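So the protein lines, in turn, are chains A and B.
Residue 500 in this note's numbering sits at position 56 of the first sequence; the count goes up by one each step and never skips.
Residue 235 in this note's numbering sits at position 61 of the second sequence; the count goes up by one each step and never skips.
For reference, the structure is listed below as structure tokens.
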Amino acid sequence: MADRITLEVARYRPEREAEPVMQSYEVPLRPDWAILDGLNYIKDQLDGTLSYRWSCRMGICGSCGMTVNGDPKLTCATFLTDYAPGPVRIEPLPNFPVIRDLVVDIDDFMTKLPTVKPWLVRDEHEPVEKGEYLQTPEELDEYKQYSMCINCMLCYAACPVYALEPGFIGPAAIALAQRYNLDSRDAGLDDRHDVLSSDEGVWGCTFVGECSAVCPKGVDPAGAIQRYKLTAATRAIKDLLLPRGGR
Amino acid sequence: MIETTGPYHRPISLFWWTRRRAYLVFVLRELSSVFVAWFVVYLLMLVSATSSGGDSYQRFQDWSGQVWVLALNIVSFLFILLHMVTWFGLAPKAMVVKLRARRVPPRAVLAGHYALCVLLSAIVAWLVLR
Numbered sequence: 445m446a447d448r449i450t451l452e453v454a455r456y457r458p459e460r461e462a463e464p465v466m467q468s469y470e471v472p473l474r475p476d477w478a479i480l481d482g483l484n485y486i487k488d489q490l491d492g493t494l495s496y497r498w499s500c501r502m503g504i505c506g507s508c509g510m511t512v513n514g515d516p517k518l519t520c521a522t523f524l525t526d527y528a529p530g531p532v533r534i535e536p537l538p539n540f541p542v543i544r545d546l547v548v549d550i551d552d553f554m555t556k557l558p559t560v561k562p563w564l565v566r567d568e569h570e571p572v573e574k575g576e577y578l579q580t581p582e583e584l585d586e587y588k589q590y591s592m593c594i595n596c597m598l599c600y601a602a603c604p605v606y607a608l609e610p611g612f613i614g615p616a617a618i619a620l621a622q623r624y625n626l627d628s629r630d631a632g633l634d635d636r637h638d639v640l641s642s643d644e645g646v647w648g649c650t651f652v653g654e655c656s657a658v659c660p661k662g663v664d665p666a667g668a669i670q671r672y673k674l675t676a677a678t679r680a681i682k683d684l685l686l687p688r689g690g691r
Numbered sequence: 175m176i177e178t179t180g181p182y183h184r185p186i187s188l189f190w191w192t193r194r195r196a197y198l199v200f201v202l203r204e205l206s207s208v209f210v211a212w213f214v215v216y217l218l219m220l221v222s223a224t225s226s227g228g229d230s231y232q233r234f235q236d237w238s239g240q241v242w243v244l245a246l247n248i249v250s251f252l253f254i255l256l257h258m259v260t261w262f263g264l265a266p267k268a269m270v271v272k273l274r275a276r277r278v279p280p281r282a283v284l285a286g287h288y289a290l291c292v293l294l295s296a297i298v299a300w301l302v303l304r
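Given below as structure tokens:
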């Protein structure tokens, strides 16, 4: 195996370029190096002007999502050796405006996320002295999968609906809404309903399924969306057929 | 002062759906709705011809036997199969079925859909062919 590999990295410096250009760098090919290690090598040893986001290096912070050879990936969890002999093409995540080099603008997601109230909504708050809101393992299992989301934006990058209809709330926000809807301690189902059941909510999704395919944490946002579609449809039928008291 | 162009918005190619296999399957599945609609129209035409008497039914059969109608129906049938397989694939994701407080495995939900489809098809075949 060669001891070096070429990384073709997208560069966009708004003060210099009207659109991104590719720049090649040669980095050491080490079995324990992830793509992010290669980028850090470029930043530290070859070209300090390269901009990208990263933090934890262990698939928790969700900062280092980029496009690697056309696929949305967490670069800290994607190894260089899997792409040997190279070259490896590294670009910013698609479907987001590029601020600089590999850094994308996720303000759109940050604006949409609070609209689904991704926190525990309570009708009544127990006094602190009464202790924690207890939950059985079965109740935890209901939503645990969705709580693994790290907001890495790979699902938005893989979603053609989000690319074509930027108003779509998107996979992660809906999965996070479901994380709370399915929590036995939560009472916010009604509060989230209007946003989730709107055209920009679950009905915007056409079930391409790539959000779940690229998710590095096994969250399955596509499943969360389809599940809420059934909830919303059942609720609409009940609203139509049952008197107010029977719902 | 350095002049900047601001965030770069990447254009979306008209052929974005050729970029990944899943996108292509998705577009074909969306297209399959046209063929589902055609089968509905075809069924209504069949019912109309049948209810209008033997001659009308015979004319409908002759028309249906033309190469282009046959080809259209074969293509439609393939798209209907794609439509069915993709919809059934969605079902276990949307339906969380519980039996005695345990979640029924998604494969069992999927198998249930296919079993029901086979059963209904057999009933229809029996009604038509008996």
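The beta-carbon is built from N, C-alpha and C at its ideal position, and this holds for glycine as well.
Everything numeric in this text was worked out from a predicted model, so none of it was measured.
Considering only B/Thr179, B/Arg195, B/Val199, B/Gly180, the residue with the shortest C-alpha distance to B/Leu255 is B/Val199. Contact note: A/Val652 reaches chain B through Ala196, Tyr197, Phe200, using a C-beta cutoff of 8 angstroms and chain order. Judged by their CB atoms, A/Leu473 and A/Trp498 are not nearer to each other than the 8 angstroms cut-off.
Under DSSP, B/Tyr182 forms a beta bridge with A/Val542. Within the segment 542-570 of chain A, the residues whose Cβ lies closer than 8 angstroms to some Cβ of chain B are Val542, Ile543, Asp549, listed in chain order. With the rule of 3 Cβ pairs closer than 8 angstroms, the segment 604-615 of chain A counts as touching the segment 190-206 of chain B.
Shown here for A/Val548: same chain residues with a beta carbon closer than 7 angstroms to its own, the five before and five after excluded, namely Pro536, Leu537, Phe540, Pro541, Val542 in chain order. Residues of the same chain with a CB within less than 8 angstroms of the CB of B/Val249, apart from the 5 flanking positions on each side, are Phe209 in chain order. The beta-carbon distance between A/Ile594 and A/Cys505, rounded to whole angstroms, is 7 angstroms. This is short enough to meet the 8 angstroms contact definition. Counting only runs of 4+ residues, the alpha helix (DSSP H) found wholly inside the segment 503-586 of chain A occupies 551-556, in chain order. For A/Arg460, no beta strand (DSSP E) segment is defined, and its DSSP state is neither H nor E. The Cβ atoms of A/Val560 and A/Arg636 lie closer than 8 angstroms to each other.
B/Phe189 counts as exposed, since fewer than 16 other C-beta atoms from the protein chains shown sit within 10 angstroms of its C-beta. A distance below 6 angstroms between beta-carbons, with the five flanking residues on each side excluded, links B/Ser206 to the following residues of its chain, in chain order: Phe253, Leu256, His257. Separation of the CB atoms of B/Val283 and B/Val271 is rounded to 6 angstroms, and the pair is thereby assigned contact status at 8 angstroms. Boundaries of the beta strand (DSSP E) around A/Gln467: 465-472. Only residues of its own chain outside the window of five on either side were considered, and among them Gly503, Leu518, Ala521, Cys596, Leu598 have a CB closer than 7 angstroms to the CB of A/Pro660, listed in chain order. Within chain B, the C-beta atoms nearer than 8 angstroms to that of A/Pro604 come from Trp190, Trp191, Tyr197, Phe200, in chain order. Assignment of A/Leu451 by DSSP, reduced to helix, strand and coil, places it in the strand class. Remark: C-beta atoms of A/Val658 and A/Gln589 do not approach each other more closely than 8 angstroms.
Rounded to whole angstroms, the gap between the alpha carbons of B/Ala275 and A/Lys574 is 29 angstroms. Residue contact with chain B for A/Ala621: absent (no Cβ-Cβ distance below 8 angstroms to any residue of chain B).
Every alpha helix (DSSP H) stretch that sits fully inside the segment 225-296 of chain B and reaches 4 residues is listed by chain position as 228-238, 241-268. In the displayed model, A/Ala478 falls within a strand according to three-state DSSP.
Under a criterion of Cβ atoms nearer than 9 angstroms, no residue of chain A is adjacent to B/Arg274; the nearest Cβ is some 12 angstroms distant. Taking the C-beta atoms as reference points, A/Tyr456 is found nearer than 8 angstroms to A/Arg544. Only those residues of the segment 577-601 of chain A whose C-beta falls short of 8 angstroms from the nearest C-beta of chain B are listed: Glu582. The Cβ atoms of B/Met269 and A/Leu640 do not sit closer than 8 angstroms to each other. CA-to-CA, the gap between A/Arg629 and A/Gly492 works out to about 48 angstroms. The beta carbon of A/His569 is closer than 7 angstroms to none in its chain, skipping five residues each way along the sequence. Between B/Thr224 and chain A, the shortest Cβ-Cβ separation is not below 8 angstroms. Under the three-state reduction of DSSP output, A/Ala446 falls in the coil class, being neither helix nor strand. In the three-state DSSP reduction, A/Cys599 falls in the helix class (H, G or I).
About 20 angstroms separates the Cβ atoms of A/Ile681 and A/Cys649, ruling out a contact at the 8 angstroms cut-off. By the criterion of a C-beta distance shorter than 7 angstroms, A/Cys655 is surrounded in its chain by Cys599, Ala602, Cys603, Pro615, Pro665, Ala666, once the five residues flanking it on both sides are discounted.
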